[in-house]
Amino acid sequence: MKRHRIDYEALDKRFLWHPFTQMRDWMESPQLVIERGQGVYLFDTQGNRYLDGVSSLWANIHGHRHPALVRAIRRQLAKLEHSTFLGLTNVPAIELATKLVAIAPANLKRVFYSDNGSTAVEIALKMSFQFWRQQGRAFASKRKFISFVNAYHGDTLGSVSVGGVDLFHKIFKPLLFKSFKAFYPQCYRCPFGKQPAACDVYCLNDFEATLAQHHHEVCAVVVEPAIQGAAGMLTAPRGFLKRIEALCRDHNVHLILDEVATAFGRTGTMFACEQEKVVPDFLALAKGLSGGTLPLAATLTTPEIFNAFLGEYADFKSFFHGHTYTGNPLACAAAAASLDLFKSEKTLQRLRPKATYLSRRLEDFRQLRHVGDLRQAGFIAGIELVQDRDSKTPYPASDRIGHVVVLEARRRGAILRPLGNVVVLMPPLSISRAQLKELLDITYASIEAATQHRQPRVASKS
Ligand SMILES: *Cc1c(COP(=O)(O)O)cnc(C)c1O
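Structure follows, in structure tokens:
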């Protein structure tokens, strides 16, 4: 076939620069060129099929090329591909906002669009900051944020400033604004030596103290509910979020929830914050918003905050922020169709038994000598590999154990992407029970192979 005459892999290695990638490694090793997707599977240019075990970076919900999403995008394409949201509006953006407000936690009635998770968070930070600027002298000292150790809120400088993953963020420190950092639960390696069942979220005392001391300087608290994703899937116990919410209310500080990874059913409910009945002042959404089809993000907020930006033009209370592709009609049409699918396909009801099956099967992984901890929030799972289980000694970074597992999984027909030594499982919500079994079998065998062979086998290009 003609397409095989073009060596895409070589062209990629010649012209492209990939995110979060040591490009020398990339150029020196075989790479997959993905050509096609169907349901939970991806296909490369060689015709090999792979289970998409991480939903194309936590975004895909209903499978690749779901007919309803393809139809929605096609239909919209026949009318309008894009027009600006500055000074104009469009039908799909309005329809989507109406649907989002209908399902969002109670008081979130306004939708501000952007294109990715980093901007969704950054917009919330800027809105909160500007809100306090417009509240008069009494609040003039509110200029800072509280975020959490190991948090990940994206890669733009504002969201990096409230991030806490040193590996990603350290080098940029001179460019960042300062934020207070509080402890997020890290129960497997509790820095306070507590046992999760009996600790009453002891680590929150640190947050409470920071807030009590600095609330007059603080605009907002930014937090990932239920689970810190990029940190390595660190789960927070129930009660954690509710107490943060209460403390924010007590101290007159906004609560920004970053549900970029957790929204749209990932943790079992439409939004993770529903599980503790928490209503934030800002909710950042992206990844799964468009069902994983097109770049789209939204920052939702309350009437109280929105109203503080109303005034005479000359008051300059407008929110001075926007992107060229804000409210893109194709992405909004796809997102609206994705929300419809949650209803017509009963996505959340059908997820429940699959999440239970996932829990049960994860328990089997304890039989593997190098599995240190298993963490799960709904349909998100993290399997932490350790060199020594008793002492919880991590594998040295140079072993790249997560990466070795990924290569093993590829040979067995699944695409995974680790977070350091944590193997992540986050398949599309639409995955069937049989496909989920296949994914878990492959993952099990891959961890076994990667951790039991002294010399990690390198993926062969077949
Ligand atoms: C992925 C992610 C982001 C950043 O989203 P991008 O679309 O990659 O910019 C922010 N917050 C969380 C919790 C994420 O998982």
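Quick note, the sequence shown lines up with residues 5 to 466 if you use the working numbering.
Just so you know, even glycine gets a beta-carbon here, dropped at the ideal spot from N, CA and C.
Because the structure is a prediction, the values reported are computed rather than measured.
Limits of the beta strand (DSSP E) - the one that residue i falls within
i	result
H272	Residue identity check: residue 272 is Gly in the sequence provided, not His. Counting along the chain, G272 falls outside any beta strand (DSSP E), and DSSP gives it neither H nor E.
E39	I38 to Q42
A302	A301 to T305
R416	Run containing R416: none; DSSP gives neither H nor E here.
F187	Counting along the chain, F187 falls outside any beta strand (DSSP E), and DSSP gives it neither H nor E.
D48	Y45 to D48
H258	H258 to D262
F116	R114 to S118
F286	F286 to L289
A224	V222 to V227
Which residues DSSP lists as bridging residue i, in chain order
i	result
P398	V390
F383	Answer by DSSP bridge pairing: none, since F383 is not bridged.
T360	Beta-bridge pairing links T360 to no other residue.
S59	None, per the DSSP bridge assignment.
R53	F47
V427	I387
D514	The requested residue 514 does not occur in the structure, where the chain is confined to residues 5 to 466.
I231	T239
V375	L389
H68	G43
Distance, residue j Cα to residue i Cα
i	j	result
V462	H407	Because V462 carries a pLDDT of 48, less than 50, the predicted location of this residue cannot be relied on, and the following value inherits that uncertainty. Answer to the nearest angstrom: the Cα atoms are 10 Å apart.
S122	D159	6 Å
P357	N425	28 Å
R370	T455	13 Å
I435	H66	8 Å
V410	L420	6 Å
A418	G236	20 Å
P460	P284	Legend: pLDDT at P460 = 44, less than 50; position of this residue unreliable, value from coordinates given subsequently. Using only the alpha carbons, I get a separation of about 46 Å.
R9	R18	16 Å
I451	L372	8 Å
H255	S183	17 Å
F172	E316	42 Å
R458	R365	The predicted model places R458 with a pLDDT of 46, which falls under 50 and marks its position as unreliable; any figure quoted below should be read in that light. R458 and R365: Cα-Cα distance of roughly 26 Å.
P229	L129	17 Å
A453	G386	18 Å
K465	V428	Any answer about K465 is weak, because its pLDDT of 42 lies below 50 and its placement is not dependable; what the coordinates show is given next. Spanning the two alpha carbons is a distance of roughly 23 Å.
A338	Q50	29 Å
D11	R437	37 Å
D319	K113	24 Å
A340	P400	44 Å
S87	Y329	8 Å
L92	P398	53 Å
K83	F89	16 Å
S342	I77	11 Å
Q439	D403	30 Å
H170	G295	One point to set straight first is that residue 170 is Asp, not His, in the sequence displayed. If you take the alpha carbons of D170 and G295, they lie about 30 Å apart.
L261	N64	21 Å
L100	I107	11 Å
R141	T297	45 Å
R193	A302	34 Å
M430	A359	11 Å
V375	D368	10 Å
L251	A201	22 Å
From the options, residue whose alpha carbon lies closest to that of residue i
i	options	result
I405	Q391, A418 and G272	Q391
H22	Q35, D11 and I10	Q35
I309	D344, A267, L259 and Q353	L259
F324	N332, L15 and F135	F135
P206	V222, V225 and R247	For the record, residue 206 in the displayed sequence is Tyr; it is not Pro. When only C-alpha atoms are compared, the closest one is R247.
Q353	G272, L362 and R147	G272
Y188	D210, K198, Q199 and A202	D210
F181	D170, E221 and V164	V164
H219	S151, A63 and F47	S151
L520	F313, L298 and E249	This structure cannot settle anything about residue 520, because the visible part of the chain is limited to 5 through 466.
I446	M430, R416, L433 and A335	R416
G382	F116, K441, N311 and A265	A265
S348	A72, R53 and W62	A72
L423	L15, D16, E13 and F24	F24
Residue range of the unbroken alpha helix (DSSP H) whose run includes residue i
i	result
Y12	Y12 to F19
S87	Neither: S87 is in no alpha helix (DSSP H) and is coded neither H nor E.
A449	R437 to Q456
M27	M27 to E32
T297	Taken as a continuous stretch (DSSP letters only), T297 belongs to no alpha helix (DSSP H), as it is neither H nor E.
P96	V95 to I107
I248	F244 to D254
Cβ-heavy atom distance, residue i to ligand 3, below 7 Å
i	result
S395	Ligand 3 is absent from the structure shown, which contains only ligand 1.
Please list the segments of the beta strand (DSSP E) lying wholly inside the segment 124-195, counting only runs of 3 or more residues, in order along the chain.
148-152 and 184-186
Length-filtered (4 minimum) alpha helix (DSSP H) runs lying within the segment 304-341:
307-311
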